[in-house]
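Colleague:
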Amino acid sequence: MDQKQSLRQFFKGKNIFITGGSGFMGKALIEKLLRSCPDIENIYMLIRPKKGKSLNERLQEIFSNCLFEILQNTNPEIFKKVIPINGNVLEKNLGLSNEDRQLLIEKIHIVFNAAASVKFDDFFNVGILTNLRSARDVALLALDMKHICSFVHVSTAFCNINEKEIVEEKLYLPRGDWREAIYVSENGDNTIVNTLSHKYLEGFPNTYTYTKHLAEHCVNDLLADKIPTVIVRPTIVIPSLYEPFVGWLDNMNGPMGILSAAGAGLLRIAFGHPDVSIDCIPVDEAVKVFLVTCWHVANTGPTNTALVVNASAHGEKLMSVNDIASIALEISWKTPMEYKIWYPTNPSTALTESKLYYNINVILFHVIPAFFLDLIIRAAGYPPIIMKIQRKLYNGTAALAYFMCHEWQFLNPVLRRIFEELPESEVAEFKYGSVKDDEHVYRYLCACVNTARWILLKETKEVKPSSHKTHKLVYVLDRICKTSFFIWLFWFVFIKHSLLVVLYQALKNYWISL
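Sequential numbering from 1 applies to the sequence shown in UniProt numbering.
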């Protein structure tokens with residue numbers, strides 16, 4: 001391939017196969033390709049019918065997302081370039097029909113394998129089949145493709161954190177045999193699989209990180225020396241930083257779910273260290289990494305080992321857990337949520353590393369209030385929901401606890417060098433970066449919370465005056481309740497039970513005895 005070929009020229013006329021296109025990063029990838037590289041031939045997107053909806057109906061549902069609003073207004077015909085391919089990553093050989101498989105073999109030039117189950121608490125065999133076997137099947141399919149020139153495998157920066165504080169851009173020694181793991185998951189009964197999972201997962205925080213670890217070695221073993229391949233390891237993926245607008249997201253997973261729950265007064269306590277810095281990458285920056293590294297490996301050709309890059313914020317502004325919580329409390333005054341249960345808790349008391357303190361607070365301020373609120377909701381004739389939300393919050397914060405108590409450095413010099421290769425004419429469109437300073441962090445998080453309000457919580461874009469009044473009201477009620485509690489506690493201990501008199505008498509007797 002001509003090394004002087006620009007990124008847009010490289011993608012021109014190419015047919016692209018994407019797995020995970022209906023996910024958070026997959027949608028952002030498709031949008032960026034259609035907007036910034038409109039001369040691509042087609043995007044073939046692996047997707048399955050769901051909830052009674054056909055493939056085309058699911059595509060229309062995806063494209064109705066506000067993420068695609070700019071394209072809908074400026075170039076609606078371009079969506080015809082996205083062609084659905086019926087398949088399922090949970091099924092062997094991706095559930096492809098012979099006709100669709102042959103179509104991909106004949107047409108595809110570029111593969112983006114972004115499909116994954118990000119559920120940290122998945123059963124071991126489900127994680128293996130979704131994250132590992134599907135990666136194997138996509139890699140095997142790529143080996144048959146007649147025009148393949150680049151393969152991008154999306155991994156995670158956290159798949160090699162066991163016993164390490166610094167993670168480099170390289171393949172680490174495998175902790176297990178990926179072939180054996182697939183065989184056991186396909187053929188072993190649940191008892192055998194669960195027993196072996198403890199052996200496999202030793203040193204890994206969850207199923208997700210381990211299965212992604214094995215998937216890296218699977219892709220490398222199958223494709224190195226044969227197809228130009230890059231393994232991209234994003235850190236925690238958060239809402240968009242710039243494109244197509246600040247703060248786009250489509251789910252409440254991860255940090256934004258916690259921030260939104262805290263802003264609504266639902267989350268009163270979280271398990272984590274306040275001073276831990278979290279390495280996050282906005283989804284639009286992650287997508288740029290996919291595109292630029294795809295172009296780079298196509299230019300360099302196959303190598304003995306797949307190229308590995310850490311899509312991280314190393315070398316840029318990192319946000320600590322406490323900083324995020326403090327800013328979130330400020331934001332709750334600027335853009336309060338329309339519906340809230342209580343006033344957001346203070347960051348100084350919202351984070352703890354004590355399991356005992358955490359569990360006591362969960363019972364006192366999550367479970368018990370949720371129980372009584374559900375009673376009120378049921379009495380009003382509506383289905384109870386608060387306890388269900390609290391259960392999801394508990395599971396979500398438990399899954400993130402390990403990452404909120406530990407800190408790593410994800411080095412990215414290789415990635416930085418690759419971005420320096422971009423032609424000057426394409427730097428503005430594809431340059432890589434993250435939040436720059438405290439002011440930028442504040443403006444970014446404000447936009448994220450505000451966007452979450454109207455996209456996910458279905459509130460109005462503009463904050464209603466009644467929301468400010470409600471926020472002030474719950475603030476006053478919160479202070480009254482806390483003050484009343486401490487007054488009652490003082491009365492109960494020192495007046496009703498005369499503890500002051502008892503202490504005075506004890507000190508007096510001790511003084512006399514000297």
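Glycine included, C-beta positions come from ideal geometry on N, C-alpha and C. From a predicted model like this one, the values you see are computed outputs, not experimental measurements.
Which residue wins for smallest C-alpha separation from Lys27, given the options Leu46, Glu439 and Phe123?
Modeller: Leu46
Colleague: Do Thr300 and Leu171 count as a contact pair if the criterion is CB distance below 9 Å?
Modeller: With contacts defined as CB atoms closer than 9 Å, Leu171 and Thr300 fail to qualify as a contacting pair.
Colleague: Does Val321 come out as helix, strand or coil in the three-state DSSP assignment?
Modeller: Three-state result, Val321: helix.
Colleague: Going by beta carbon distance, what residues of the same chain come within less than 6 Å of Met145, once the five residues before and after it are set aside?
Modeller: Excluding sequence neighbours, Met145 sits near Ile105 and Ile108.
Colleague: Can you check whether the CB of Asn88 is closer than 9 Å to the CB of Val219?
Modeller: no
Colleague: Only counting the same chain, and skipping five residues up and downstream in sequence, which positions put a Cβ closer than 7 Å to that of Glu421?
Modeller: Contacts found: His296.
Colleague: Can you tell me where the beta strand (DSSP E) with Arg268 in it begins and where it stops?
Modeller: No beta strand (DSSP E) contains Arg268, which DSSP labels as neither H nor E.
Colleague: Looking only at DSSP bridge pairs, what is Met45 linked to?
Modeller: DSSP, once it has assigned bridges, lists Ile18 and Pro84 as partnering Met45.
Colleague: So, Glu41 versus Asn15, is the Cβ gap smaller than 9 Å?
Modeller: Against a cut-off of 9 Å, the Cβ pair of Asn15 and Glu41 comes out as a contact.
Colleague: Taking the alpha carbon of Leu329 as the reference point, which residue from Asn346, His314, Ser320 and Ala313 has its own alpha carbon closest?
Modeller: Asn346
Colleague: With 16 other CB atoms within 10 Å as the buried threshold, where does Gly21 fall?
Modeller: So Gly21 counts as buried.
Colleague: How close, in whole Å, do the beta carbons of Pro344 and Gly265 come, if the pair is a contact with beta carbons under 8 Å?
Modeller: The C-beta distance from Pro344 to Gly265 rounds to 6 Å, short enough to meet the 8 Å contact threshold.
Colleague: Mapping the DSSP letters down to three states, classify Asn412 as helix, strand or coil.
Modeller: Shown here, Asn412 sits in coil according to DSSP, grouped into three states, outside any helix or strand.
Colleague: For Trp248, count neighbouring C-beta atoms within 10 Å of its own C-beta (all shown protein chains included) and say buried if the count is 16 or more, exposed if not.
Modeller: buried
Colleague: For Ile431, which three-state DSSP category applies?
Modeller: In the sequence on display, residue 431 carries Lys and not Ile. Coil, per DSSP.
Colleague: Could you check how far apart the C-beta atoms of Ile327 and Tyr210 are, in whole angstroms? I think they sit under 8 Å.
Modeller: Contact flag wrong, Cβ pair sits at about 33 Å.
Colleague: Can you tell me which of Asp250, Leu90 and Met256 puts its alpha carbon nearest to the alpha carbon of Leu400?
Modeller: Met256
Colleague: Could you give the first and the last residue of the continuous alpha helix (DSSP H) run that contains Pro465?
Modeller: Pro465 to Phe490
Colleague: Among Ser354, Ala379 and Trp342, whose alpha-carbon lies nearest the alpha-carbon of Pro369?
Modeller: Trp342
Colleague: Taking only three categories from DSSP, how would you classify Met1?
Modeller: Caution is warranted here: a pLDDT of 45 is assigned to Met1, below 50, making its placement in the model unreliable, and the coordinate value is therefore given only provisionally. It is coil, neither helix nor strand.
Colleague: Of the choices Ala452, Leu489, Lys51 and Lys288, whose alpha-carbon is the least far from that of residue 520?
Modeller: For residue 520 there is no data in the structure shown, the boundaries of the chain being 1 and 514.
Colleague: Hey, does Phe10 have any beta-carbon neighbour from chain D nearer than 9 Å?
Modeller: Checking the listed chains, one finds no chain D in this structure; it contains a single protein chain.
Colleague: Taking only runs that begin and end inside the segment 90 to 147, name each unbroken alpha helix (DSSP H) of 4 or more residues, in chain order.
Modeller: 98 to 107, 124 to 127 and 134 to 144
Colleague: Across the segment 472 to 484 and the segment 350 to 369, are there enough close Cβ pairs to call them in contact, namely three or more that are closer than 8 Å?
Modeller: no
Colleague: Can you check DSSP and say which residues form a bridge with Asn310?
Modeller: Arg233
Colleague: Report the option in Gln102, Trp454 and Val427 whose CA atom is closest to the CA atom of Ser6.
Modeller: Val427
Colleague: Which same chain residues, not among the five before or five after Lys461, have their C-beta less than 7 Å away from its C-beta?
Modeller: Trp454
Colleague: Less than 9 Å separating the beta-carbons of Val154 and Leu94?
Modeller: no
Colleague: Have a look at Asp2 and Cys294 and give me their C-alpha separation to the nearest angstrom.
Modeller: Unreliable placement is indicated for Asp2, whose pLDDT of 47 sits below 50; no coordinate value is reported for it.
Colleague: Examine the Cβ distances between the segment 175 to 190 and the segment 114 to 133 and report whether three or more of them are shorter than 8 Å.
Modeller: yes
Colleague: Classify Thr195: buried if its beta carbon has 16 or more other beta carbons within 10 angstroms, exposed otherwise.
Modeller: exposed
Colleague: Under 8 Å, with one C-beta from each stretch per pair, do the segment 266 to 283 and the segment 393 to 408 reach the 3-pair mark?
Modeller: yes
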